[in-house]
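Undergrad: Have a look at this one before I ask anything.
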């Protein structure tokens, strides 16, 4: 049995001088897409808040980079 956590990565989402630090076993691009998807769901009241959403709200998704 393979332990997927051996393939874990730390990533950072940044906008201006602020950042969000997270970890994933996915590619960083796939994880960023998931943050965006979850943000849209949160705006509709369908999921819980994640602190990365603060960056999306303050600077806009297009200003955020991973």
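In our numbering, the protein residues as written are 355 to 420. Even glycine gets a Cβ: it sits at the ideal position worked out from N, Cα and C.
By the three-class DSSP mapping on this structure, what secondary structure does residue 388 have?
TA: Reading the chain shown from its first residue, position 34 is the one you call residue 388. Looking at residue 388 - three-state DSSP - the assignment turns out to be helix.
Undergrad: Would you mind working out which of 408, 395, 401 sits nearest residue 374, comparing C-alpha positions?
TA: Locating residue 374 in the chain shown gives position 20, where the first residue counts as 1. Nearest of 408, 395, 401 to residue 374, Cα basis: 408.
Undergrad: Between the alpha carbons of residue 393 and residue 412, how many angstroms are there, rounded?
TA: Along the chain shown, read from residue 1 onward, the residue named residue 393 stands at position 39. Along the chain shown, read from residue 1 onward, the residue named residue 412 stands at position 58. If I take the Cα positions, the gap works out to 13 Å.
Undergrad: Can you tell me which of 377, 419, 398, 401 puts its alpha carbon nearest to the alpha carbon of residue 359?
TA: Within the chain shown, numbered from 1, the residue matching residue 359 stands at position 5. Nearest of 377, 419, 398, 401 to residue 359, Cα basis: 377.
Undergrad: Roughly how many angstroms separate the alpha carbons of residue 414 and residue 367, rounded to a whole number?
TA: As a first step, residue 414 is located in the chain shown; it is residue number 60 there, counting from the start. As a first step, residue 367 is located in the chain shown; it is residue number 13 there, counting from the start. Their Cα atoms are separated by approximately 12 Å.
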